[in-house]
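The opening position of the sequence shown corresponds to residue 1 in full-length UniProt numbering, with each subsequent residue numbered one higher. What follows is a short report on a single structure.
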Amino acid sequence: MGFIVGVVIGLLVGIAIIIGFVKLENSRSKLRSELANTVAAFARMTVEDSRKLLPPEFYPSWVVFSERQKLSYITLISFSFCVLLTWLNHHLTKIWPYVDEAASELIKASVEPVLEQYRPAIVASLTFSKLTLGTVAPQFTGVSIIDGDKNGVTMELDMQWDGNPNIVLGVKTLVGVSLPIQVKNIGFTGVFRLIFRPLVEDFPCFGAVSVSLREKKKLDFTLKVVGGDISAIPGLSEAIEETIRDAVEDSITWPVRKVIPIIPGDYSDLELKPVGMLEVKLVQAKNLTNKDLVGKSDPFAKMFIRPLREKTKRSKTINNDLNPIWNEHFEFVVEDASTQHLVVRIYDDEGVQASELIGCAQIRLCELEPGKVKDVWLKLVKDLEIQRDTKNRGEVHLELLYVPYGSGNGIVNPFVTSSMTSLERVLKNDTTDEENASSRKRKDVIVRGVLSVTVISAEEIPIQDLMGKADPYVVLSMKKSGAKSKTRVVNDSLNPVWNQTFDFVVEDGLHDMLVLEVWDHDTFGKDYIGRCILTLTRVIMEEEYKDWFHFYAYDMTRQVEAHHFCGHINEDMRQCLIYDGPDANARLIGLEYIVTEKLFMTLPDDEKKLWHTHEWEVKGGFLFMPGVPEAIQRQDLEKVAKTYGKVYHFWQVDKGHDLPIGLPNIMMAVTRDGQLYPEMIKETEKQFGVSMEKERESRAYMKGPDHGIHPLANGGGKGLKLEVREVDIKPVESVPRVFV
């Protein structure tokens with residue numbers, strides 16, 4: 001750890017003092033002394049001084065011109081480092097003894113707290129006994145400029161160091177034994193990233209430098225107990241090595257960065273901050289390589305974005321199974337979605353022995369669309385650095401949801417220790433106890449319900465008997481609740497058709513899953529054919545819950561809140577049950593059919609007047625989906641804004657009726673401002689922790705039906721009411737009666 005931070009600090013300190021060193025080294029040279037004084041005086045000049053003394057081509061153009069020219073100039077300066085690499089390495093070697101002396105104390109003061117943070121449990125204390133960087137200076141082997149930053153310049157320096165530092169760690173074990181452990185044979189190759197920003201009009205033309213280890217290509221070292229053998233204490237060497245690597249990872253490895261002010265100012269915006277939350281559902285793996293000679297592997301998974309112990313998540317172990325089902329949820333803090341990866345490693349649990357790696361995989365976070373669940377199968381490889389790995393090690397199945405932080409995304413406080421996922425936790429924080437209770441109810445509404453499954457058919461089932469046929473049936477089971485059902489047996493078919501529907505009561509939809517196993521029925525037994533596993537994530541997203549407002553089509557003063565639970569019949573039609581509240585005791589008061597503009601246009605003209613538009617409900621902020629992140633809401637509401645709805649209420653709850661008395665009533669939706677009572681809006685905002693005004697602002701871009709609102713729609717706003725009248729009944733044609 002010391003040598004890494006030392007190199008970084010050495011680089012910065014070395015560059016800072018190199019001019020002074022050269023001046024001291026060549027003080028006898030009058031020409032060099034005059035040059036140094038001139039440079040020092042030039043550095044103290046203000047912008048106005050430089051304008052008076054220098055022609056435009058001799059100073060940064062942004063002193064006079066644009067930000068774009070400012071960027072070009074600093075980029076040109078950065079490229080000049082390519083020419084100066086040899087000069088830099090030469091002079092860094094000369095001043096290295098001074099850098100070593102200055103940096104060693106800084107390293108000790110800054111690194112010891114990090115070592116203490118990651119101190120292994122078997123160690124009571126971990127400090128530096130000796131620390132010098134040695135006589136070998138690092139060598140800079142390359143420089144490059146990263147384009148794309150309009151507010152600064154990003155430069156990357158390739159560095160190699162095979163140093164001879166004298167680093168001795170003072171280790172005291174829990175039993176009171178003190179051990180001096182020497183860090184030897186250090187070899188490091190990596191890429192440091194320097195970000196010069198913000199660009200300013202004062203020399204040296206940038207306000208601060210952010211330093212980070214962008215890529216750690218090689219980090220080798222050995223540990224040795226001074227005057228002894230470190231292997232005498234089992235596990236100590238591995239624990240110390242892991243501590244050092246964790247300290248390097250957490251203190252300077254990208255996206256972590258050290259911000260060094262050059263010009264006094266507030267640079268807190270340059271510091272590393274979480275930018276979002278990655279929600280991961282580890283579903284299953286299949287066809288894993290067997291690592292056991294007897295029986296099958298006992299797989300478990302480790303996942304991380306940054307490979308730190310406290311940031312690595314571990315699944316449960318599935319014993320004796322090469323096709324394990326985990327169905328576990330994990331959350332990870334994202335700090336740079338553009339460069340970070342999620343890494344998954346699958347191991348064989350060997351009990352007290354070290355676990356054996358089965359395979360690993362990774363996915364770039366930049367491939368995820370914020371607010372949208374991505375379902376992926378990742379192929380496992382032996383080493384992520386090796387691009388070509390043709391051996392089949394299996395696959396791992398993940399569901400990923402990236403939710404950025406910030407205004408408008410529905411996340412209030414993501415840093416809450418809880419077993420709930422972000423989806424469940426939305427709107428939970430910064431609320432009163434009453435509002436928290438409402439949040440829990442909304443969570444229950446989202447994850448509880450009845451799952452309706454229709455098993456339609458199967459194709460190309462493998463032959464199971466001598467006649468070239470099979471007798472397949474399907475066993476359906478819920479992984480968490482254990483509920484089971486099965487289809488009928490279809491005899492002598494490799495392409496069976498069942499068309500059977502089953503209902504399952506689901507208590508925890510986000511953490512349950514549906515398993516479908518296909519079996520071949522035999523007279524004296526059954527043969528396993530295969531299985532399919534489905535999480536309920538997509539069902540939850542599509543079987544949405546929406547909070548709307550309705551008023552009676554013949555009396556706009558009668559307004560009610562309508563809690564919709566909707567399902568998709570197909571791409572063009574949804575059907576919704578309407579309740580008077582979000583909790584389990586709510587009463588079913590009506591239903592609504594929702595169709596796309598395409599389907600609405602096929603309706604007879606007399607029918608169109610019974611349908612209303614949803615454009616203003618959506619754009620006005622009156623319709624929202626409690627408990628769903630804003631990004632997911634937005635995706636669905638963009639579609640709803642273009643639809644038409646037909647709604648009936650059967651229960652006049654606004655009159656206090658205990659039963660659904662009277663005729664069904666045609667209901668109308670909000671189509672303009674001023675229709676809803678302000679107190680109803682305020683009560684709903686308080687209950688669900690939303691602001692309809694903010695919702696309206698964020699949805700201003702949304703559009704209604706592509707062809708505009710149909711002139712025959714919204715007839716309910718003109719007054720419609722169902723009435724009963726007596727008519728002549730058409731009798732059933734008479735049929736002969738048979739007496740026996």
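C-beta: ideal position from N, C-alpha, C; glycine also.
Quick check on W161: does DSSP put it in helix, strand or coil? The count along the sequence shown starts at 1 and reaches residue 161 at position 161. Residue state, collapsed to three classes: strand.
Would you kindly report the start and end of the unbroken alpha helix (DSSP H) that includes M680? Numbered from its first residue, the sequence shown carries residue 680 at position 680. Segment P678 to F688, the alpha helix (DSSP H) holding M680.
Collapsed DSSP secondary structure at K480 in the structure displayed: Mapped onto the sequence shown, residue 480 falls at position 480. Looking at K480 - three-state DSSP - the assignment turns out to be coil, as it is neither helix nor strand.
Going straight from the alpha carbon of Y118 to that of L174, what length do you get? Position 118 of the sequence shown, counted from the start, is the residue given in the question as residue 118. Position 174 of the sequence shown, counted from the start, is the residue given in the question as residue 174. Cα-Cα distance, rounded: 15 Å.
Coarse secondary structure for I262, derived from DSSP in three states: Position 262 of the sequence shown, counting from 1, holds the residue named residue 262. Coil.
For the segment 581-589 and the segment 599-610, state whether three or more C-beta atom pairs, one from each stretch, are separated by less than 8 Å. The segment 581-589 makes no contact with the segment 599-610, as fewer than three CB pairs between them are under 8 Å.
Could you check where the alpha helix (DSSP H) with W616 kicks off and where it finishes? Position 616 of the sequence shown, counted from the start, is the residue given in the question as residue 616. Looking at the DSSP string, the run of the alpha helix (DSSP H) that includes W616 is E615 to K619.
Enumerate in chain order the residues of its own chain whose CB-to-CB distance from R364 is below 7 Å, with the five nearest sequence positions on each side excluded. Indexing the sequence shown from 1 puts residue 364 at position 364. These residues qualify, in order along the chain: H341.
Contact set for T189: own chain, Cβ-Cβ below 7 Å, skip 5 residues either direction: Along the sequence shown, one-based indexing puts residue 189 at 189. Only Q160, K217 and K218 meet the Cβ criterion.
Could you tell me the distance, in whole angstroms, from the CA atom of V505 to the CA atom of T312? Locating residue 505 in the sequence shown gives position 505, where the first residue counts as 1. Locating residue 312 in the sequence shown gives position 312, where the first residue counts as 1. If I take the Cα positions, the gap works out to 34 Å.
If you compare alpha carbons, which of F300, T613 and P472 is closest to K526? Indexing the sequence shown from 1 puts residue 526 at position 526. Ranking the options by Cα distance to K526, first place goes to P472.
Measuring CB to CB, does residue 748 end up less than 7 Å from V171? There is no way to answer for residue 748, as the model of the chain reaches only from 1 to 740.
Assign D605 to one of three DSSP states: helix, strand, or coil. Translated into the one-based positions of the sequence shown, residue 605 becomes position 605. D605: helix per DSSP, three-state reduction.
How long is the line joining the alpha carbons of V653 and A669, rounded to whole angstroms? Position 653 of the sequence shown holds residue 653. Position 669 of the sequence shown holds residue 669. Rounded to the nearest angstrom, the two C-alpha atoms are 17 Å apart.
Would the beta-carbon of I358 fall within 7 Å of that of L288? As a working note, residue 358 is residue 358 in the sequence shown. As a working note, residue 288 is residue 288 in the sequence shown. Contact: yes.
Using DSSP with H/G/I as helix, E/B as strand and the rest coil, what is C366? Locating residue 366 in the sequence shown gives position 366, where the first residue counts as 1. The three-state reading of DSSP puts C366 in helix, counting H, G and I together.
Identify whether F622 lies in helix, strand or coil by the three-state DSSP scheme. Within the sequence shown, the letter at position 622 stands for residue 622. In the structure shown, F622 sits in coil (DSSP, three-state: anything other than H, G, I, E or B).
Alpha carbon to alpha carbon, what distance is there between V248 and V63? Your numbering for residue 63 matches position 63 in the sequence shown. Your numbering for residue 248 matches position 248 in the sequence shown. For V63, the pLDDT reaches just 43, beneath the cut-off of 50, and the residue's location in the model is therefore unreliable, leaving the point undetermined.
Once you ignore the five residues that flank V595 on each side, which residues in its own chain have a CB closer than 7 Å to its CB? Here residue 595 refers to the residue found at position 595 of the sequence shown. Annotation for V595: D572, M573, T643 and Y644 place their beta carbon closer than 7 Å to its own, counting only its chain and skipping 5 residues before and after.
Let's test the definition: count the other Cβ atoms within 10 Å of the Cβ of N319 and tell me whether it reaches 16, buried, or not, exposed. Position 319 of the sequence shown, counting from 1, holds the residue named residue 319. N319 should be labelled exposed.
According to DSSP, is D375 helix, strand or coil? Here residue 375 is taken as the residue at index 375 of the sequence shown, counted from 1. Three-state result, D375: strand.
Would you tell me roughly how many angstroms separate the C-alpha atoms of V211 and L623, rounded to the nearest one? As a first step, residue 211 is located in the sequence shown; it is residue number 211 there, counting from the start. As a first step, residue 623 is located in the sequence shown; it is residue number 623 there, counting from the start. Their backbone Cα atoms lie some 47 Å apart in a straight line.
Under a three-way DSSP split, which group does V426 fall into? Counting from 1 along the sequence shown, the entry for residue 426 is found at position 426. For V426, the predicted model reports a pLDDT of 36, less than 50, meaning its position is unreliable; a value from the coordinates is still stated below. Of the three classes helix, strand and coil, the one that applies to V426 here is coil, per DSSP.
Let's see if you can read the secondary structure: which residues bound the alpha helix (DSSP H) around M692? Numbered from its first residue, the sequence shown carries residue 692 at position 692. In the DSSP assignment, M692 falls within the alpha helix (DSSP H) that extends over M692 to S698.
Flag this pair as touching only if the segment 326-339 and the segment 143-158 have three or more C-beta atom pairs under 8 Å; answer yes or no. no
If I follow the unbroken beta strand (DSSP E) through K302, where does it start and stop? Along the sequence shown, one-based indexing puts residue 302 at 302. Note, K302: beta strand (DSSP E), P299 to F304.
By Cβ distance below 7 Å, which residues in the same chain neighbour S691 in space, the five residues on each side in sequence not counted? Working through the sequence shown from its first residue, we reach residue 691 at position 691. Excluding residues within five positions, the ones whose Cβ falls inside 7 Å are E685.
Using only alpha-carbon positions, find the residue among K694, Q139, F128 and V191 that is nearest to T154. Residue mapping note: residue 154 aligns to position 154 of the sequence shown, counting from 1. Checking every option, the nearest Cα to that of T154 belongs to V191.
Within this structure, are the beta carbons of E156 and R214 separated by less than 7 Å? Numbered from its first residue, the sequence shown carries residue 156 at position 156. Numbered from its first residue, the sequence shown carries residue 214 at position 214. Against a cut-off of 7 Å, the Cβ pair of R214 and E156 comes out as a contact.
D220: which of R245, L236 and F206 sits nearest, CA to CA? The residue you call residue 220 lines up with position 220 of the sequence shown. Closest by alpha carbon: R245.
Limits of the beta strand (DSSP E) - the one that A354 falls within: Translated into the one-based positions of the sequence shown, residue 354 becomes position 354. It is not in any beta strand (DSSP E) - A354 carries neither H nor E in the DSSP assignment.
Should T421 be labelled buried (16 or more other beta-carbon atoms within 10 Å of its own) or exposed? Numbered from its first residue, the sequence shown carries residue 421 at position 421. Low per-residue confidence applies at T421: pLDDT is 39, beneath 50, and the placement is therefore not dependable, though the value from the model is reported in the following sentence. T421 comes out buried.
Range covered by the alpha helix (DSSP H) that runs through E238: Mapped onto the sequence shown, residue 238 falls at position 238. E238 -> alpha helix (DSSP H) spans L236 to S251.
Please give the ranges of any beta strand (DSSP E) in the segment 504-528, keeping only runs that are unbroken, at least 3 residues long and fully inside the region. 513-522
C-alpha distance - G134 paired with F140, whole-angstrom precision: Taking the first residue of the sequence shown as position 1, residue 134 is located at position 134. Taking the first residue of the sequence shown as position 1, residue 140 is located at position 140. If I take the Cα positions, the gap works out to 17 Å.
From the DSSP output, in three-state form, read off K646 for me. Stepping through the sequence shown from its first residue, residue 646 is reached at position 646. Looking at K646 - three-state DSSP - the assignment turns out to be strand.
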